[in-house]
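In what follows, a structure is listed as structure tokens, so that the remarks can point back to it.
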Amino acid sequence: MKPIAQFDSHDLANTFAANTGEPLDRWVSVLEQGRSLYGRARLSSDDLEILGQHCPSSSNWLPVLELLARRPIRHPQDPGPFEGIKTLAAESAFTLDAWIESLYQFQHYLAGQGRQSDLDAMLGYLSCVSESAMSQTTRPTLVNHLKDSLDAFGYEG
């Protein structure tokens, strides 16, 4: 795993632009804007690549990254928030793409209300939404079930 300081934003931007169909210069700009957040989010260059491969667009990148960077370190061996998200996705019926998109939509929902929330509380709510979706006769997408849950029950966090 390469230290974060050694990643090449242009190489990553090429990969992400190819994955999303968005312009290369847009991804270069977004990656450079986020450079100050990577260390606070405790992301390795490998994590950056994984996150980018599962982020549906460059417009989702910075909000998700800012959310990861806001989470405080809990203890010296804390692997960081992205490891937790990857674990939750692996243990659920939904893909990492679905979890990242849902976090983005969740944060967008909160921002629309002029609010922020703790990432761990958001992940707890999203875990409940994930489990609830599994009990549906026709399984909805995670992001759609999140939107339905927020509309029906709101969010206190």
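Per my numbering, the very first residue in the sequence shown carries number 45; after that it's consecutive.
All C-beta atoms, glycine included, are put in the ideal place defined by N, C-alpha and C.
Looking at ALA85, SER89, GLY83, the one whose alpha-carbon comes closest to that of ASP55 is SER89. In this structure, LEU106 keeps its C-beta atom at 8 Å or more from the C-beta atom of ALA85. A direct Cα-Cα distance of roughly 30 Å separates ASP52 from PHE150. In the DSSP annotation of this structure, ASP52 is not part of any alpha helix (DSSP H), being labelled neither H nor E. Counted as a single uninterrupted DSSP element, the alpha helix (DSSP H) harbouring PRO107 occupies residues 102 to 114.
Only exposed fits PHE197, as fewer than 16 other CB atoms lie within 10 angstroms of its CB.
GLU175 is classed as exposed because its beta carbon has fewer than 16 other beta carbons within 10 Å across all chains shown.
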